[in-house]
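In my numbering, the protein residues as written are 518 to 644.
Note that the Cβ used here is the ideal one computed from N, Cα and C, for glycine as well.
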Ligand SMILES: [Zn+2]
């Protein structure tokens with residue numbers, strides 16, 4: 518018997534204009550419990566994020582179109598589409614040397630029912 522929610526599947530997503538498309542491998546569970554954050558960036562953008570390692574995330578098109586925005590300690594690359602302004606994901610190097618982590622904005626992923634998500638809040642504003 519397989520438990521569907523623990524099965525890894527491939528999800529697709531894009532910015533609004535479609536210039537940037539991507540896919541990621543993640544379980545239903547990961548995709549249903551995003552992190553919401555109240556820092557100066559996430560509080561404004563409203564991104565609800567699922568975190569995946571670099572081997573689980575692929576940009577299919579538009580990588581060269583993305584603009585990069587950094588602030589504060591500049592650990593995280595907040596990339597956005599210059600045409601439609603959306604922020605499909607951000608990424609950063611793990612401080613412990615464990616590679617790159619991608620924070621995928623679930624609002625830009627196809628087939629996600631936002632009303633069913635159960636975000637957990639992270640107090641980024643307190644950092
Ligand atoms: Zn776009």
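Have a look at residue i and residue j and give me their C-alpha separation to the nearest angstrom.
i           : j           : result
residue 623 : residue 561 : 16 Å
residue 616 : residue 559 : 23 Å
residue 601 : residue 582 : 11 Å
residue 596 : residue 610 : 14 Å
residue 591 : residue 585 : 11 Å
residue 629 : residue 568 : 15 Å
residue 530 : residue 643 : 31 Å
Write down the C-beta distance between residue i and residue j rounded to the nearest angstrom, noting that I regard them as a contact closer than 8 Å.
i           : j           : result
residue 619 : residue 639 : At roughly 16 Å, the Cβ-Cβ gap does not stay under 8 Å, so residue 619 and residue 639 are not in contact.
residue 636 : residue 552 : 7 Å
Ends of the beta strand (DSSP E) at residue i?
i           : result
residue 554 : 552-554
residue 577 : 574-578
residue 590 : No beta strand (DSSP E) contains residue 590, which DSSP labels as neither H nor E.
residue 461 : With the chain running from 518 to 644 in the structure shown, residue 461 is simply not present.
residue 530 : 525-531
Which stretch, first to last residue, makes up the alpha helix (DSSP H) that contains residue i?
i           : result
residue 607 : First-last for residue 607: 606-610, but that is the beta strand (DSSP E), not the alpha helix (DSSP H).
residue 546 : 545-549
residue 562 : 559-562
Mapping DSSP to helix, strand and coil, what is residue i?
i           : result
residue 585 : strand
residue 630 : coil
residue 620 : strand
Please find out if some non-hydrogen atom of ligand 2 comes closer than 8 Å to the beta-carbon of residue i.
i           : result
residue 537 : Annotation note on ligand 2: not contained in the displayed structure, which lists ligand 1 as its ligands.
So, do the region 536-552 and the region 569-585 have three or more beta carbon pairs nearer to each other than 8 Å? These segments touch.
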